[in-house]
Every structure is written in structure tokens, then in C-alpha cells.
Amino acid sequence: MRILIFSCKPKHQYKIVRTLYQVKELTDMSRLDEIFQLRVRAYEHSDQRPYINSATFPKGFYDELDNKCSHFIIENEDRIIACARLIRLRSLSQIPFYKLKTRVLSSDSSWFWYYSRIAIDPDYMKRGLSSLIDEYIIGQLKGQEFHLVILAKVKVEYYRKNHGFKLIETINNYSVPEYPFSKQLPTQLLIKNLSE
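Residue numbers in the sequence shown follow our numbering, run continuously in steps of one, and reach 204 at the last position.
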């Protein structure tokens, strides 16, 4: 399947990139370790390298949600080169290490989708794969009576401008011992109403 991806350049110039990549849901759960290792490789090529790398996370980067999530991947020749996860939750407190206090979605009766752990293989960065996964996930969920929630440290403006997310809360000095990188940048809580 041929898909056109628009990748944003630094000065808002857009370049059409023709690819053969497509997003699909992971069905072989024995490949979760491949996803966990991909996350580490992706972080090793970012400003989070001092905190998430193969020495600090030798078994990959994962948490208790991973076995309950739907995982979405992009492959190239049977190698996972991009991934993200999605899970429906009832409370923000179900997000591992989530410590923000917010009135939004605080009711236990409010189901919402939590979208996280987007990772791109360093050899495939700057090709629009992150945008391709974002568009696929949001497209699949559109029209539902739930909200889509993202906790973001980067790409906040991208999600607001391109996908209609609203910034609900910002936390500075958000520090979680299990995630030593957590205090490096403010954490943003973004929400999108999927029924709009």
C-alpha cells in the first residue's frame, strides 16, 4: 500500500515523502520485547540519553500497562521501526507513575483512551513515521464518545495545532524516581474530545 506522508521541516516547509510503510496492530505479543528495545534505542538518540539507555534499561523500557495495551507498529522487512500504544482507562491514576492532580477526568466513571510510548527507530527518524502513527490512531478513534489523553513533554504544539488537542495542565519539576528523566522538562496533560 502506498501512502503519502507530509513531514514538517524546520521552517514549516513541507515535503512529500513516498513510502511503503503502513501502521498495523501488533498481533504477535512475543514481539513486545522488540518494542521495549526499540524504545530504548529511540531514547538513546534523544536528549533523554543520560536517563534511558541500554545500560539503565538493559531489558528494554516498559511498565505494567504494556501487557494490557494495544500496540501499533510500522515494519520494514519484518523489523519494527516505529511503535505506539493505546489503552482505555477509567482513571488517570491508572497511568503508571502519574501524579498530576487534575479535576479533568477525575471521575472513575469517565472512560478515556491513553495514547503513549511513541518511538521511532533512529535509522528511520525524520521520515514522518510519528505523524503517520498519530493520524492512524486518531482516525481509528474518531467519533467515539471518549477523550484521548496524552502526557507529553515534546510535540505539545504539534498535537494542539494539527490534531485539536487542548492543553489542560502543565506540571514543572514533575519528578518520579522510577523515571529519572521525568524532571527534565515540564509534563503537559493534553486532551482531545473524539466526538467532535
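Glycine residues also receive a C-beta, built at the ideal position from the N, C-alpha and C atoms. The model shown is predicted, which means the values in this text are computed figures rather than measured ones.
Between which two residues does the beta strand (DSSP E) holding residue i run?
i	result
Ala-127	120-128
Ala-90	87-97
Asn-84	78-84
Asn-201	195-201
Glu-33	31-33
Lys-174	174-179
Leu-156	155-160
Using only alpha-carbon positions, find the residue among the options that is nearest to residue i.
i	options	result
Ile-145	Arg-125, Phe-44 and Tyr-132	Arg-125
Ile-176	Lys-163, Ile-158 and Asp-86	Ile-158
Ile-179	Leu-197, Lys-163 and Lys-169	Leu-197
Ile-95	Tyr-51, His-155, Glu-204 and Leu-137	His-155
His-79	Asn-170, Ile-43, Val-164 and Gln-30	Ile-43
Asn-201	Gln-152, Pro-194 and Asn-170	Gln-152
Pro-66	Asp-41, Ile-81 and Asp-55	Asp-41
Ser-139	Lys-163, Lys-150, Pro-194 and Trp-121	Lys-163
Gln-102	Cys-91, Cys-77, Ala-92 and Asp-86	Cys-77
Asp-86	Lys-150, Tyr-166, Glu-143 and Val-31	Val-31
Asp-74	Ile-60, Tyr-59 and Arg-39	Arg-39
Thr-35	Gln-56, Arg-93 and Thr-64	Arg-93
Tyr-166	Arg-57, Asn-61, Glu-143 and Ile-81	Glu-143
Met-37	Ile-81, Ile-60 and Leu-137	Ile-81
Tyr-122	Lys-150, Asn-170, Ile-128 and Leu-100	Leu-100
Ala-127	Leu-149, Tyr-70, Gly-172 and Lys-150	Tyr-70
Tell me which residues share the same chain as residue i and place their Cβ nearer than 8 Å to its Cβ, disregarding the 5 neighbours each side in the sequence.
i	result
Arg-168	Lys-174, Leu-175 and Leu-198
Pro-18	Below a pLDDT of 50, predicted positions are generally treated as unreliable, and Pro-18, at 39, falls in that range; no measurement from the model is reported.
Trp-119	Arg-96, Leu-97, Arg-98 and Phe-154
Check for me: the alpha helix (DSSP H) holding residue i runs from which residue to which?
i	result
Glu-42	40-52
Leu-149	137-149
Lys-169	164-171
Which same chain residues, not among the five before or five after residue i, have their C-beta less than 7 Å away from its C-beta?
i	result
Glu-83	Ile-89
For the region 48-60 against the region 127-139, do three or more pairs of beta-carbon atoms, one drawn from each stretch, fall closer than 8 Å, so that the two count as touching? Look at the beta carbons and you see the region 48-60 touching the region 127-139: at least three pairs across the two are nearer than 8 Å.
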